[in-house]
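Protein chains in written order, with the numbering used here: chain A, 15 to 628; chain B, 86 to 163.
Even glycine gets a Cβ: it sits at the ideal position worked out from N, Cα and C.
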Amino acid sequence: MLHPQSMAKIGILGPDTEMERTIGALHKMRVLHIVEHKKKADLDIGAPLAKASRLSDILVKTRSLCAALEIKEKIQPTKESFSLNVIEKEITNAEKEIAAAQQNLRDTEAEKKRKQELKEKLGFLQAVGLEPEMLGPFESLAVFAGQLADAAAFEVDLKKITSHYHLIHSNNPIALFVTIKKSADAQALLGQYHFSPIDLSALTDLKGSVSKNSALLEQSIRQLEQEKQDILASLESFRKKRAANWLKYVSYMEQELEKAEAPLKFGKTEEAFVIHGWVPEGKLEKTIGLLNKATSERLYIEKMPIDKHDKVPVELENPKAVRPFEFLMRMYTLPLYKELDPTFFLFMSFPLLFGFMLGDMGYGLTSLILFWLLKKKFPQARAFFDTLLFASLATIFFGALFGEFFGEEVLFGYELPHILSRTHQMMALLVLAIAVGVVHVNAGLIAGFFNAKKAHGFKKAFFEKLSWIVLQAGVALLALSLTKTLALHWSIGAAIIALAVVFLYLGEGINGLVELPGIFSNILSYARLMAIGLASVQLALVINEFAKEFFHAGGISIVWGVLLLVIGHVINLAVGLLGSFLHSLRLHYVEFFTKFFKGGGTPFQAFGVKTQGG
Amino acid sequence: MAVDINTGLIALGAAAAIGVSAIAAAMAEKTIGAAAVGAMAEKEELFGKGLILTVIPETIVIFGLVIAIMIIGMAGAA
């Protein structure tokens, strides 16, 4: 519980003929954390199995098809196996089918767009009252059609050039017929009036009236839209039919590829392979047994001594109730293999510090219900919400100690029983907060002492960690004798401090001396337990006071009062939860962990978990 | 309500203690927060460390609040 799972270092040596069987067995067992082999002169890195490149080829194709069909479901690990030939055939056929359907879709859309443009142009003709065959081409006439802002002013100027023209205009769209001889002049004039021409050349081929053509176009646009919907529907049914299968294919191929690429982590001679890795101590025997069975005992498996420089992978091991707090550990860093695993300490003190800060029965109950619902809604974040459920329980507990319910100490005329009132006994609360700090920090130092003792022996551990406790005792004695609380001469306290400083210098060198004031700012930092709690109570009280004013006013004001209560307390609860969570976490990470915890462990990742799940 | 000038000055002292320390904490946190988000964009696992580094200067404002409360306590005694 207080240490990561113990690991055994093993080496597996076998002939090439057994490699695939070995990989298969290891992949299925999911117990070996493979250490990547570094290339050496006498031991090269293994090459992927022969099927790897074909596998990854088909896998990429399948994935791109899934993307094309917008198959977004999460891939569930499958236990089925498939023939690669069958998959390849199906994927290649589907690829062609989908490509054809998509090409068809694009063509239909392009055609539909062309017809729509044509219809818009017909609309223009209708606006100026012309028929398609009136657009020419003519021998003696030039035709201009388009948008012109000020047709009346243009006509005045046009009359100065020629009188042989015909101008049709209905507001903006105009059509102008002018003799060929004057067309250049007319065009120049049109240019001055910011004329924007419309290309009607596509319309000259049309036979019959505008209205008849419009109706025809309308019909074929509808038809094209129908065709487009049909193609989309067929793609959709294709997707529905194949999605489940393809996801299985992807999962199968991912697993096979993981196996096929495993030799990249192995050491390799011409005829044999070597695997180095870590297996949880408890599973070692079973692993060796299964490996021997799978390969008819053709492997040489050896348990090797753990070297000081080995980076042992870390797998946390805690009772069920404590396990959610591993999430908070992972968010920071994993412990090293040799270190204490602080998850249990987190389990003990995180909810307490959280509850101390929020400390309100009303808020505790609300957050308990809230996180319980959220846990049901988002099962993937279960660990996170579990830690918060513990914290909510602690909040209710401290709420009972402080006698607070949504900030109020008096409910319907009854004063809630309390051990300490946060609003009225601030100084006592501050002293209590600092006392919690002293206990917590020193618990960290003691944990650090055991860690250091294990790593460097008693003497070093004593100087490094326990001298901090001696220092605190000295400062406390000095303060007590200076304030005459204790009938002692001040020099006794001072002497103990001096002794502690010497110890520290012996333990941590100059660094220790530089950090001397650090321990006190660490302890004082626990004043936040009081400060954050007080801020949240005061805010709750302000909300309640305002709401009471509204309630006394009566009438419609009561509605405002209720709204104010709800919104105010929701905001205060949100701020309180965030603040308590962050600060409780911070007190652990910064003030507590720095006393004993280094961290930086490599997570244990068993071969096969990536594609098959834990 | 007549309040003598000394009480007012004590209240202003308390306000300065919490106000100035809050500004200081905000300035420190601004820089750290920006850097932490930058680091997280590169490497998402740094969220935990980034979060912790970001709330480190919050201690300043908490000390400020404690001092402010102590000053107000003085006013009550005066």
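Residue i: contacting residues in chain B (beta-carbon distance under 7 angstroms)
| i | result |
| --- | --- |
| alanine 545 (chain A) | Ile147, Leu150, Val151 |
| arginine 600 (chain A) | Ile137, Val140 |
| arginine 312 (chain A) | Those do not exist, as arginine 312 (chain A) stays about 41 angstroms from chain B at its closest Cβ, beyond 7 angstroms. |
| alanine 493 (chain A) | Within 7 angstroms Cβ-Cβ: nothing; alanine 493 (chain A) doesn't reach chain B, min ~17 angstroms. |
First through last residue of the alpha helix (DSSP H) which encompasses residue i
| i | result |
| --- | --- |
| glutamate 232 (chain A) | 224–275 |
| leucine 73 (chain A) | 66–82 |
| lysine 468 (chain A) | 440–470 |
| glutamate 161 (chain A) | First, the amino acid is wrong: residue 161 (chain A) is glutamine here, not glutamate. Taken as a continuous stretch (DSSP letters only), glutamine 161 (chain A) belongs to no alpha helix (DSSP H), being part of the beta strand (DSSP E) at 155–161. |
| histidine 566 (chain A) | 542–567 |
| glycine 421 (chain A) | Element bounds for glycine 421 (chain A): n/a, residue is neither H nor E. |
| leucine 181 (chain A) | Run containing leucine 181 (chain A): none in the alpha helix (DSSP H); it sits in the beta strand (DSSP E), 179–183. |
| valine 489 (chain A) | 481–496 |
| proline 365 (chain A) | 357–372 |
| valine 122 (chain B) | 90–127 |
| threonine 301 (chain A) | 298–308 |
| glutamate 123 (chain A) | 98–142 |
| arginine 344 (chain A) | 340–346 |
| leucine 204 (chain A) | 197–206 |
Terminal residues of the beta strand (DSSP E) in which residue i lies
| i | result |
| --- | --- |
| tyrosine 603 (chain A) | Unbroken run through tyrosine 603 (chain A): none, as it is neither H nor E. |
| lysine 317 (chain A) | 314–318 |
| proline 187 (chain A) | 187–193 |
| methionine 21 (chain A) | 21–29 |
| glycine 523 (chain A) | Per DSSP, glycine 523 (chain A) belongs to no beta strand (DSSP E) and is neither H nor E. |
| glycine 291 (chain A) | 286–294 |
| isoleucine 48 (chain A) | 47–49 |
Chain B residues whose Cβ lies nearer than 8 angstroms to that of residue i
| i | result |
| --- | --- |
| serine 363 (chain A) | What serine 363 (chain A) touches in chain B: nothing, since even the nearest Cβ is about 16 angstroms away. |
| leucine 444 (chain A) | Val151, Ile154 |
| arginine 542 (chain A) | Glu143, Thr144, Ile147 |
| serine 539 (chain A) | Thr144, Ile147 |
Buried versus exposed, by CB contacts within 10 Å (16 or more), residue i
| i | result |
| --- | --- |
| proline 365 (chain A) | buried |
| histidine 208 (chain A) | exposed |
| phenylalanine 370 (chain A) | buried |
| tryptophan 504 (chain A) | exposed |
| histidine 47 (chain A) | buried |
| lysine 262 (chain A) | buried |
| phenylalanine 606 (chain A) | buried |
| threonine 309 (chain A) | buried |
| alanine 39 (chain A) | buried |
| tyrosine 351 (chain A) | buried |
| proline 187 (chain A) | buried |
| threonine 409 (chain A) | buried |
| threonine 218 (chain A) | exposed |
| serine 406 (chain A) | buried |
| glutamine 269 (chain A) | buried |
| isoleucine 90 (chain B) | exposed |
| tyrosine 428 (chain A) | exposed |
| phenylalanine 168 (chain A) | buried |
| aspartate 244 (chain A) | exposed |
| glutamine 240 (chain A) | exposed |
| serine 215 (chain A) | exposed |
| aspartate 355 (chain A) | buried |
| serine 67 (chain A) | exposed |
Per-residue contacts from residue i into chain A (C-beta, under 9 angstroms)
| i | result |
| --- | --- |
| isoleucine 117 (chain B) | Within chain A, no residue comes near isoleucine 117 (chain B); the closest Cβ sits about 13 angstroms away, beyond 9 angstroms. |
Beta-carbon neighbours of residue i, restricted to chain A and to distances below 7 angstroms
| i | result |
| --- | --- |
| isoleucine 154 (chain B) | Met440 |
Contact list for residue i against chain B, beta-carbon separation under 9 angstroms
| i | result |
| --- | --- |
| leucine 271 (chain A) | Under the 9 angstroms cutoff, chain B gives no residues; its nearest Cβ is about 25 angstroms from leucine 271 (chain A). |
| serine 550 (chain A) | Those do not exist, as serine 550 (chain A) stays about 12 angstroms from chain B at its closest Cβ, beyond 9 angstroms. |
Q) For the region 578–587 of chain A against the region 388–396 of chain A, are there 3 or more C-beta pairs whose distance is under 8 angstroms? A) no
Q) Three or more beta-carbon pairs under 8 angstroms between the region 414–431 of chain A and the region 365–378 of chain A, yes or no? A) yes
Q. Of the residues that make up the region 128–144 of chain B, which ones have a beta carbon closer than 8 angstroms to any beta carbon in chain A?
A. Cβ contacts with chain A come from Phe132, Gly133, Lys134, Leu136, Ile137, Val140, Ile141, Glu143, Thr144.
Q | Members of the region 573–605 of chain A that neighbour chain B once the beta carbon cut-off is set at 8 angstroms | A | Leu596, His597, Leu599, Arg600, Tyr603, Val604
Q: Please name the residues in the region 43–59 of chain A whose beta-carbon is closer than 7 angstroms to at least one beta-carbon of chain B, in chain order.
A: none
Q | Under 7 angstroms (Cβ pairs) to chain B, residues found in the region 336–347 of chain A | A | Met345, Tyr346
**Q.** the region 536–553 of chain A in contact with the region 443–455 of chain A per 3-pair CB rule at 8 angstroms
**A.** yes
Q.
With three or more beta-carbon pairs closer than 8 angstroms as the criterion, would you say the region 561–568 of chain A touches the region 520–532 of chain A?
A. no
Q) Using 8 angstroms as the Cβ pair cut-off and three pairs as the minimum, do the region 75–95 of chain A and the region 52–62 of chain A touch? A) Judged by Cβ distances under 8 angstroms, the region 75–95 of chain A makes no contact with the region 52–62 of chain A, as fewer than three pairs qualify.
(Q) Count Cβ pairs between the region 20–31 of chain A and the region 292–307 of chain A that sit closer than 8 angstroms; are there 3 or more? (A) yes
Q. Using 8 angstroms as the Cβ pair cut-off and three pairs as the minimum, do the region 336–346 of chain A and the region 131–148 of chain B touch?
A. yes
Q) Are three or more beta carbon pairs between the region 162–169 of chain A and the region 197–215 of chain A nearer than 8 angstroms? A) Yes: at least three Cβ pairs fall under 8 angstroms.
Q | At least three beta-carbon pairs within less than 8 angstroms, the region 312–332 of chain A to the region 595–613 of chain A | A | no
**Q.** Touch test, the region 99–111 of chain B against the region 143–153 of chain B, Cβ-Cβ under 8 angstroms, three pairs minimum
**A.** yes
(Q) Taking 8 angstroms as the cut-off, does the region 328–343 of chain A touch the region 75–82 of chain A (at least 3 CB pairs, one atom from each stretch)? (A) no
Q: Decide yes or no for the touch test of the region 513–521 of chain A against the region 471–483 of chain A: beta carbon pairs closer than 8 angstroms, at least 3 of them.
A: yes
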